[in-house]
Amino acid sequence: MVDVSVESQSEGQLDTVQMLVNMGPQHPSTHGVFRMVLMVDGERIVDVEPHIGYLHRGSEKLCEGEIYAQIVTLFDRLDYISNLNNEMAFCRAVEKLMSLEVPERAEYVRVILCELNRVASHLLFFGTFGIDAGAMTPIMYAFRDREKIQSMFEAVTGARMMHNYIRIGGVKNDVPDDFRQRMTALIGELRQGIDEADRLLSFGEIFLARSKGIGVIAPERAIAYGASGPTLRASGVPMDVRKDAPYSIYDRFDFGIPIGEKGDSWDRFYVRVEEMRQSLSIIEQALRDMPEGPTITPTRLVLRPPQGEVYVRGENPRGEIGVYLVSNGADRPYRVKVRPPSFCNLMAIRELLLNTYVADAVVILGSLDIVLGEVDR
Amino acid sequence: MLLDVALLVALSLTLLTALSVVVLSLVWIERKFLGRIQMRMGPMHVGPFGLLQPVADAIKLMAKEDLLSSWVDRVIYWVAPLVVFVPVLMIWVTIPVARDLVIRNLDLGLFYIIAFSVLSIVGLVAAGWASSNKYAVLGGFRAAAQLVSYEIPLILAVLGVAMLAQSMNLVQVVNEQNVWVYALIQPLGLVIFFIAGLAELGRTPFDIHPAESEVVGGPFVEYSGAHWSVFFLAEYINTFAIAALTVLLYFGGWLFPGLPGDVPIISLAVFLAKTYLVILVIFWIRGTYPRLRIDQLMSLGWKVLVPLAFVNILMTGAYLFYGWPAWVLSLLSVAVLAATVWGLSKAMRTAPRPEVTVRIYNPTSEAGHAG
Chain A
5 MVDVSVESQS EGQLDTVQML VNMGPQHPST HGVFRMVLMV DGERIVDVEP HIGYLHRGSE
65 KLCEGEIYAQ IVTLFDRLDY ISNLNNEMAF CRAVEKLMSL EVPERAEYVR VILCELNRVA
125 SHLLFFGTFG IDAGAMTPIM YAFRDREKIQ SMFEAVTGAR MMHNYIRIGG VKNDVPDDFR
185 QRMTALIGEL RQGIDEADRL LSFGEIFLAR SKGIGVIAPE RAIAYGASGP TLRASGVPMD
245 VRKDAPYSIY DRFDFGIPIG EKGDSWDRFY VRVEEMRQSL SIIEQALRDM PEGPTITPTR
305 LVLRPPQGEV YVRGENPRGE IGVYLVSNGA DRPYRVKVRP PSFCNLMAIR ELLLNTYVAD
365 AVVILGSLDI VLGEVDR
Chain B
66 MLLDVALLVA LSLTLLTALS VVVLSLVWIE RKFLGRIQMR MGPMHVGPFG LLQPVADAIK
126 LMAKEDLLSS WVDRVIYWVA PLVVFVPVLM IWVTIPVARD LVIRNLDLGL FYIIAFSVLS
186 IVGLVAAGWA SSNKYAVLGG FRAAAQLVSY EIPLILAVLG VAMLAQSMNL VQVVNEQNVW
246 VYALIQPLGL VIFFIAGLAE LGRTPFDIHP AESEVVGGPF VEYSGAHWSV FFLAEYINTF
306 AIAALTVLLY FGGWLFPGLP GDVPIISLAV FLAKTYLVIL VIFWIRGTYP RLRIDQLMSL
366 GWKVLVPLAF VNILMTGAYL FYGWPAWVLS LLSVAVLAAT VWGLSKAMRT APRPEVTVRI
426 YNPTSEAGHA G
């Protein structure tokens with residue numbers, strides 16, 4: 005009935021065969037259109053072949069045909085869960101190439117929104133990770149809070165996703181008048197909501213049994229795979245671009261970076277929970293210090309940056325994003341290369357999945373928190 | 066003769082109708098209750114308080130096209146839902162809902178129920194196999210492994226009750242509880258029965274064979290329309306049966322202090338109230354917990370529940386043999402239960418305390434800068 009393949013092994017009297025299971029691209033827990041071809045022996049995974057590319061839109065090539073101001077929208081669509089962080093990375097690259105000063109107030113607005121975006125992204129992770137482990141309620145808690153953040157984004161940028169708000173030289177427009185009060189209230193609600201969701205899921209015995217010690221990645225291996233962000237930090241490597249190579253105004257804030265100890269799925273999960281709390285503290289500090297003033301350095305619509313090349317790094321919710329930009333002095337870039345964090349984090353998947361169970365595969369993939377828009381570009 | 070047949074048909078139709086109404090109510094309660102747990106409203110728009118939502122769902126399911134993959138093994142594929150459904154229905158023949166409200170008051174009622182409830186597993190495995198879908202096969206095998214291993218602690222727990230009541234007749238079991246309900250005398254048995262019951266239902270945290278995020282619905286993945294709804298119906302009737310059995314075996318069935326146990330309406334109301342409370346607990350668990358992995362589930366079953374069930378039987382035997390007062394057994398039960406919970410929480414924890422594995426590293430306030 006079911007086509008079984010490859011060699012059959014004799015174990016005493018019983019003949020067992022391995023089965024090829026095609027997980028994805030249409031599977032509820034592959035987080036988009038990721039596809040894994042699993043060779044399973046019963047429930048145990050003996051071989052994995054990951055396939056990517058179902059969401060390939062040629063974003064990098066498309067960038068070469070657009071003027072610089074238009075590329076921001078393409079970056080929105082890379083990691084579509086953390087749009088603002090992507091916009092920021094690209095805008096910083098152009099600004100660095102042109103040596104463009106960004107007004108003080110714009111930097112603060114950028115940092116506040118980027119950190120808020122980080123919280124929104126991690127909340128989404130929180131919910132979907134719960135679903136992967138079989139808990140159906142955490143996602144409702146997470147989305148309640150994420151919804152408030154989305155409303156805030158709508159109030160500031162005019163869009164819930166795909167904001168196109170961070171522009172080369174600053175931000176599109178100033179924040180609303182009551183921004184400070186609304187943000188303060190929002191932070192309070194988020195703190196409470198995160199604690200509530202945390203109490204619901206994080207320390208339950210069943211959840212611990214499902215995620216503790218599952219998908220362990222050693223620090224050396226994580227570094228070798230080029231992992232970054234929470235995936236790397238969960239293995240105990242304290243690397244965060246915001247600390248190591250502070251960009252924008254991140255050196256002005258006092259915040260910690262959560263690091264794990266074992267590098268298992270639970271650590272990757274909880275590092276993100278703690279990161280949300282740290283991000284909220286950054287937002288609070290930024291709100292306190294935010295100066296008045298202009299929010300954008302006026303530039304021409306059609307920019308012609310000088311000839312040259314530039315590479316910037318930024319800390320996205322999923323890890324380190326790198327933008328490599330080559331300009332030949334024209335109004336369109338000669339080449340744009342993105343180093344997407346999810347793509348590099350995903351590289352470890354084969355090693356992580358070998359000799360685990362099918363049920364673990366779902367949890368491990370979930371704990372890497374990939375976004376296919378960014379993996380495939 | 067003709068009268069007998071007519072009576073049989075009438076009884077079966079009554080039973081089917083009653084159970085269908087129960088399933089509709091369960092669906093509505095589950096959706097509303099889960100909605101409340103998840104800060105949603107649940108169904109709102111179809112009928113007052115969304116009361117007609119289950120009816121709308123049922124109509125939709127019946128009207129749906131019954132898709133059939135060209136690779137399926139047709140005979141097994143069509144028979145499987147019935148193999149699941151019929152045993153689930155059959156056990157209701159001997160479940161009393163009030164003292165005199167039972168179709169056949171069998172003296173071996175408990176034995177009959179257990180014998181029939183195992184049968185539906187065959188249907189799940191057959192459905193998984195015949196669907197010619199690898200997820201369905203995985204789900205079917207999971208169902209077989211899970212349900213077979215949980216049947217044993219379930220039976221052993223029921224045995225404890227049969228020993229206390231000195232009977233396998235469910236009416237007799239309830240009548241024996243007119244002084245102390247067995248939940249107080251034998252809390253260990255209750256816990257074993259309830260956990261094993263959840264596992265047999267395949268409900269959270271043991272919803273391993275239909276696991277949506279892993280095997281995408283398991284054995285049911287290829288079914289649609291009316292055939293899928295037969296599985297659905299069976300699952301909910303089974304849920305109700307396990308809740309009803311919990312009430313009958315451990316919570317005194319239709320008995321309630323101060324209320325007459327021989328007035329059918331009152332005892333039916335008491336029984337239904339207790340059963341729906343147990344069902345709310347099942348739904349509450351569904352809204353709260355993640356899912357166990359299949360190997361964790363198996364080791365919980367074989368390494369914890371089966372030995373515990375034997376301990377339960379041993380203690381009950383000693384209690385009967387030496388004629389101890391009932392509180393001795395319940396104390397022993399609680400002690401064993403507490404020791405198990407303590408031991409399990411020790412054994413399941415792989416790290417000293419999970420909090421310590423994630424710490425906040427702040428290079429500006431700590432000496433040294435790594436990175």
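Residue numbers (my numbering), protein chains in the order written: chain A, 5 to 381; chain B, 66 to 436.
All residues carry an ideal CB built from backbone N, CA and C; glycine is no exception.
*For the beta strand (DSSP E) that contains R424(B), what are its first and last residues?*
R424 to Y426
_Please tell me whether A435(B) has its Cβ less than 8 Å away from any Cβ of chain A._
Because the pLDDT at A435(B) is just 41, under 50, the model does not fix this residue reliably, and the value given afterwards should be weighed accordingly. Chain A, which has a Cβ nearer than 8 Å to the Cβ of A435(B), makes this yes.
_Give me the residue from V44(A), S285(A) and L24(A) with the minimum Cα distance to N359(A)._
V44(A)
*Residue burial classification, A201(B) (beta-carbon count within 10 angstroms, cutoff 16)*: buried
*Do I374(A) and F147(A) come within 8 Å of each other at the CB atom, strictly closer than that value?*
no
*Taking M92(A) as the reference, give the member of S103(A), V115(A), L104(A) and S63(A) with the closest Cα.*
V115(A)
*Residues from the region 189-210 of chain A in contact with chain B, defined by Cβ distance under 7 Å*: F207, G208, E209 and I210
*Can you name the start and end residues of the beta strand (DSSP E) that Y315(A) belongs to?*
G312 to N320
*What are the boundary residues of the beta strand (DSSP E) that includes L42(A)?*
R39 to D45
*Give the interface partners of D360(B) over in chain A, defined as CB-CB distance under 8 Å, in chain order.*
E47 and Y361
*When we look at the beta-carbon of V88(B) and count the other beta-carbons within 10 Å, is it buried (16 or more) or exposed?*
buried
*Sequence-distant residues of the same chain with beta carbon closer than 7 Å to G352(B), five excluded per side*: L99, I102 and Q103
*Could you check which residue in V21(A), T20(A) and Q30(A) has the C-alpha nearest to that of V280(B)?*
Q30(A)
*Say whether chain A places a C-beta atom closer than 8 Å to the C-beta of D131(B).*
no
*Starting from V187(B), find everything on chain A with Cβ-Cβ shorter than 8 Å and list it in chain order.*
None at all; the shortest Cβ gap to chain A is about 16 Å.
*Report yes or no: is there a C-beta of chain B within less than 8 Å of the C-beta of P262(A)?*
yes
*asked:* Please classify I156(B) as buried or exposed, where buried requires at least 16 neighbouring CB atoms within 10 angstroms.
replied: buried
*Check each candidate in I178(B), M106(B), G204(B) and M228(B) and name the one with the smallest Cα separation from F386(B).*
M228(B)
*Could you work out which residues of chain A lie near Y354(B), taking near to mean beta carbons separated by less than 7 Å?*
A139, G208 and I210
*Using a C-beta cutoff of 8 Å, does H31(A) count as contacting chain B?*
yes
*Who are the neighbours of I135(A) on chain B, taking C-beta pairs under 7 Å?*
S278
*Tell me which same chain residues have a C-beta within less than 7 Å of the C-beta of M363(B), skipping the five on either side of it?*
A210 and S214
_Touch test, the region 146-160 of chain A against the region 116-123 of chain A, Cβ-Cβ under 8 Å, three pairs minimum_ = yes
*Using the C-alpha atoms, what's the distance from I325(A) back to D380(A)?*
14 Å
*beta strand (DSSP E) segment containing Y361(A), residue limits*: Careful: Y361(A) lies outside any beta strand (DSSP E) and carries neither H nor E.
*If you draw a straight line from the alpha carbon of I71(A) to that of T303(A), how long is it in whole angstroms?*
13 Å
*asked:* Helix, strand or coil for L117(B)? Go by DSSP, reduced to three states.
replied: coil
*Just the chain A side, please: which residues come within less than 7 Å of Q103(B) by C-beta, in chain order?*
T141 and M144
*What residues are listed by DSSP as bridge partners for E324(A)?*
E319(A)
*With which residues is L437(B) paired in a DSSP beta bridge?*
Nothing in the structure corresponds to residue 437(B), since chain B is present only between 66 and 436.
*Could you tell me the boundaries of the alpha helix (DSSP H) in which R139(B) lies?*
R139 to M155
*Among V286(B), L253(B), F336(B) and E130(B), which residue has its Cα nearest to the Cα of R205(B)?*
Residue identity check: residue 205(B) is Gly in the sequence provided, not Arg. It is V286(B).
*Please report the residue range of the alpha helix (DSSP H) in which I330(B) lies.*
P329 to T353
*Going by C-alpha distance, which of I330(B), L298(B) and I344(B) is nearest V149(B)?*
L298(B)
*Could one say the Cβ of E3(A) lies closer than 8 Å to chain B's Cβ atoms, at least one of them?*
Given that chain A is displayed from residue 5 to residue 381, the structure contains no residue 3(A) and the question cannot be resolved.
*Note down, in chain order, every chain E residue with its Cβ under 7 Å from the Cβ of M23(A).*
No chain E appears in this structure, whose protein chains are A and B.
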